[in-house]
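Before any comments, here is the structure.
Protein chains in written order, with the working numbering: chain A, 5 to 295; chain B, 2 to 330; chain C, -8 to 245.
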């Protein structure tokens, strides 16, 4: 029993990260109908920045985390400016390809700057952990789940209560309405990517205490976060969160009971299953056209 | 024979001559290895170009399929399951079969979702390559691939492998050209732009795309086998997500949907590899930046852009023609 | 036996009934017009007839043969053709290439023969090209052959789909709003062309908004409203039918 619980706890840790990344995918997809392949690299960027900042200046942890989240938001907004602004016809496919180019660029840039160095953060509550029914629950896991809760709740409020959020949501759902909301496509795109960047940064800051972050850290994570978003239904916020935790759990279970070496494959097997069997995911938001 | 057709054949002849000349003039095992690399990249890009450039379906599986071909040839020959020559032939067969299997459910998905499925398949292959240690040697790679031998002749130097590689790469280009110019090729290109219109024109889009995707896999399989027998080992590194992305980026830069785009692309890869041999870490940065610029500036890539500059006489006549047509009304 | 018969076709879509129990018959050598207000379900019916959509219930019979389960691309070889309301052209390809694709079903060279560039495949493709050139010539637009379809003006572009459709030598065709966007002078030219098709024995199903055009060329008019047929008969009968006048003709700019 304690084994299962331990597995569940480790599933929560990665699940939280997947959930945050998946939320980012969901927001960008809703806002632009494109897949942001740079999402994983934002996470990496944030983790590296947090670790580097901590090493260099030792600011209070809260400051580091907030700074990095702002940095993530900035990175997202810059994406729109740098990678997407000049595209003549910003259809989803082109935007997606552009984010691929951006992902390659960001990763390469970080590689050159950090030269494969690894970075960590101290746990938000130090090394604190709880013993529950024979299993160890790291405090950081709770922090990360908390980040997800705050993010999900914050986004829900943002999209329903703030003027910008409502406009963003409206313009995403209906292109015709977009004009009447007064929000330009560029603004909507910038906001979507900015939010996604902030979410990814939160994930990065939350993961740095758990495992060392280096230039290579983000790619697989980003792709798995995407799988989680697909599982929950691309475009669905609640789906992203549930998909993230579900995937984290599934991965942990597989690692614990079947094979830890192949645990990484789970996410992609899930992705294929979702695409082939139920492309709309568990919480259908958009219809996926079949040929 | 049309102008364009003549120019294409001329181009192919020039390419063949250049490849022969390169083989004869260049000396050194390392240099010959680079030339083989060019042929391998050319095969990969030609296959990818068919599905991406002509049929309009973006595939992120090509690097993984390349790896599947490489490992198939490597494992079968290194473990002495079959003679190397059989392993060589088995590689494209296995990859083609795998592609068909993946293509069956994937090609029913539209556009971006098809791409996601190929991404999943490619990454799964890559992960398995690195983790099936007893079979593939894991992250350290598979060693001990024997020399390719056909009918007593041993391809024991990169120089020897090069001639085989060059022949296969050129053949690959010729076959691709045949397909593109054919009724089937035209139908695939058309279906890539409007599926309903293709359907009501009688085109069995799904079946054709499946065949094309399978063929694309075969190209990757041959490329993999060549790579394995040239170097004597297989390592999983080039077969992951970034490998797949690199192929796409290079194809986009060089000109997807053109006959010589893959050639320009393979040359580009060769150039980058060599220029940046000591600064390998810079290569992805350059590619990424180039890609970002290219997407925004040159949607049809270098070869397509050149094609319009130097061969697009028809295009330039078009505006005049339309005025004439309007006047005739 | 009519060339095309739609029997009891119902199409339900996410809880909404787009078509309900639709019956329609199109005789060879005649123009059967399908009119109705926007949103009546005309395009859905066109899609069901051509095979791009499956009906929730009902059958589509082509020459007395049940083709309800036959995918769109296979209906072409059985003699069905169709044009689209919103131009569905193969962008990036030339006019000649666009039209040539229409002859796809006439070719027999498969994937392998095409790949190896066998002479039979090449000859076939050349023949299809020639046929396409002939059709463009007949329509009086052979000078457009080398132009990319993206560069065409609206009037020119409108001719491409019919040309493409004719390549497969269909004997039942569905024309989806061919007059849309045409200036009045061109509409009568279109009517002539449509009449010309029927003299070759073709069954023409004409979906249209342009009531004068329909009245001048149709042998039979079917009125679709809210997913059901509310009138079906000779033009004069339909024109005076109360329900039709109330629902459609009165409101339409006749």
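Cβ atoms here follow ideal geometry from the backbone N, Cα and C, with glycine treated the same way.
Here the structure is a predicted model, which means the values were calculated and not measured.
Taking the alpha carbon of residue i as the reference point, which residue from the options has its own alpha carbon closest?
| i | options | result |
| --- | --- | --- |
| residue 83 of chain A | A:95, A:50, A:194, A:118 | A:194 |
| residue 247 of chain C | C:98, C:36, C:55, C:17 | The question about residue 247 of chain C has no answer here: the residues shown for chain C are numbered -8 through 245. |
| residue 122 of chain B | A:269, A:284, A:281 | A:269 |
| residue 25 of chain B | B:84, B:268, B:167 | B:167 |
| residue 238 of chain C | C:222, C:131, C:228 | C:222 |
| residue 53 of chain A | A:217, A:87, A:102, A:141 | A:217 |
| residue 143 of chain A | A:137, A:131, A:136, A:154 | A:131 |
| residue 227 of chain C | C:-4, C:210, C:197, C:189 | C:210 |
| residue 182 of chain B | C:201, C:5, C:54, C:105 | C:105 |
| residue 33 of chain A | A:134, A:95, A:215, A:138 | A:95 |
| residue 118 of chain A | A:161, A:57, A:81, A:174 | A:57 |
| residue 34 of chain C | C:207, C:191, C:160, C:2 | C:2 |
| residue 19 of chain C | C:218, C:189, C:138, C:206 | C:189 |
| residue 199 of chain A | A:215, A:158, A:128, A:64 | A:158 |
Could you tell me how far apart the beta carbons of residue i and residue j are, in whole angstroms, since I believe they sit closer than 8 Å?
| i | j | result |
| --- | --- | --- |
| residue 184 of chain B | residue 93 of chain C | Going by Cβ atoms, the distance from residue 184 of chain B to residue 93 of chain C rounds to 11 Å, so no, they are not a contact pair. |
| residue 56 of chain B | residue 174 of chain B | In fact, because the Cβ distance is near 17 Å, the residues do not count as touching under 8 Å. |
| residue 39 of chain B | residue 267 of chain B | 5 Å |
| residue 188 of chain B | residue 54 of chain B | Their Cβ separation, rounded to whole angstroms, is 15 Å, which puts residue 188 of chain B and residue 54 of chain B out of contact at 8 Å. |
| residue 152 of chain A | residue 24 of chain A | 6 Å |
| residue 200 of chain B | residue 63 of chain C | 4 Å |
| residue 257 of chain C | residue 17 of chain C | There is no way to answer for residue 257 of chain C, as the model of chain C reaches only from -8 to 245. |
| residue 88 of chain B | residue 77 of chain B | 4 Å |
| residue 107 of chain A | residue 42 of chain A | 4 Å |
| residue 61 of chain C | residue 32 of chain C | In fact, because the Cβ distance is near 21 Å, the residues do not count as touching under 8 Å. |
Does the beta-carbon of residue i have 16 or more other beta-carbons within 10 angstroms, so that it is buried, or is it exposed?
| i | result |
| --- | --- |
| residue 14 of chain A | buried |
| residue 5 of chain A | exposed |
| residue 21 of chain A | buried |
| residue 21 of chain B | exposed |
| residue 80 of chain B | exposed |
| residue 261 of chain A | exposed |
| residue 283 of chain A | buried |
| residue 31 of chain B | exposed |
| residue 158 of chain C | buried |
| residue 48 of chain B | buried |
| residue 196 of chain A | buried |
| residue 327 of chain B | In this prediction, residue 327 of chain B has a pLDDT of 35, which is less than 50 and means its spatial position is unreliable; nothing more can be read from the coordinates. |
| residue 14 of chain B | exposed |
| residue 214 of chain C | buried |
| residue 320 of chain B | The predicted model places residue 320 of chain B with a pLDDT of 33, which falls under 50 and marks its position as unreliable; any figure quoted below should be read in that light. With fewer than 16 other Cβ atoms within 10 Å, it is exposed. |
| residue 121 of chain C | exposed |
| residue 124 of chain B | buried |
| residue 38 of chain C | buried |
| residue 293 of chain A | Annotation note: pLDDT 44 at residue 293 of chain A (below 50); position unreliable, no value reported. |
| residue 170 of chain B | buried |
In terms of residues, what are the limits of the beta strand (DSSP E) holding residue i?
| i | result |
| --- | --- |
| residue 270 of chain B | Taken as a continuous stretch (DSSP letters only), residue 270 of chain B belongs to no beta strand (DSSP E), being part of the alpha helix (DSSP H) at 262 to 276. |
| residue 280 of chain A | Counting along the chain, residue 280 of chain A falls outside any beta strand (DSSP E), though it belongs to the alpha helix (DSSP H) covering 267 to 281. |
| residue 4 of chain C | -5 to 4 |
| residue 47 of chain B | No beta strand (DSSP E) contains residue 47 of chain B, which is instead part of the alpha helix (DSSP H) from 30 to 50. |
| residue 26 of chain C | 22 to 26 |
| residue 195 of chain C | 194 to 198 |
Return the first residue and the last residue of the alpha helix (DSSP H) that residue i is part of.
| i | result |
| --- | --- |
| residue 125 of chain C | 110 to 129 |
| residue 222 of chain A | 221 to 236 |
| residue 228 of chain C | 226 to 231 |
| residue 166 of chain A | First-last for residue 166 of chain A: undefined, no H or E at that position. |
| residue 167 of chain C | No alpha helix (DSSP H) contains residue 167 of chain C, which is instead part of the beta strand (DSSP E) from 163 to 167. |
| residue 156 of chain C | 145 to 158 |
| residue 67 of chain B | 63 to 79 |
| residue 59 of chain A | 43 to 61 |
For residue i and chain D, any beta-carbon pair shorter than 8 Å?
| i | result |
| --- | --- |
| residue 265 of chain A | Here the protein chains are A, B and C, and chain D is not one of them. |
Counting Cβ pairs closer than 8 Å, one from the stretch 111 to 129 of chain A and one from the stretch 281 to 300 of chain B, do we hit at least three? Between the stretch 111 to 129 of chain A and the stretch 281 to 300 of chain B, the count of C-beta pairs closer than 8 Å reaches three or more; the two stretches touch.
Cβ pair count under 8 Å reaching 3, the stretch 3 to 19 of chain B against the stretch 44 to 51 of chain A: no
Is the stretch 169 to 185 of chain C in contact with the stretch 108 to 120 of chain C, if contact means three or more CB pairs nearer than 8 Å? No, the stretch 169 to 185 of chain C is not in contact with the stretch 108 to 120 of chain C.
Would you call the stretch 136 to 150 of chain A and the stretch 210 to 227 of chain A in contact, with 3 or more CB pairs under 8 Å? yes
Would you call the stretch 36 to 56 of chain C and the stretch 141 to 151 of chain C in contact, with 3 or more CB pairs under 8 Å? no
Stretch-stretch touch, CB-based, cutoff 8 Å, three pairs: the stretch 222 to 231 of chain A with the stretch 74 to 83 of chain A: no
Evaluate contact between the stretch 191 to 200 of chain B and the stretch 113 to 127 of chain C, counting only Cβ atoms and requiring at least three cross-stretch pairs below 8 Å. no
Determine contact between the stretch 148 to 157 of chain B and the stretch 90 to 103 of chain B, defined as no fewer than three beta-carbon pairs at a distance below 8 Å. Short answer: they don't touch.
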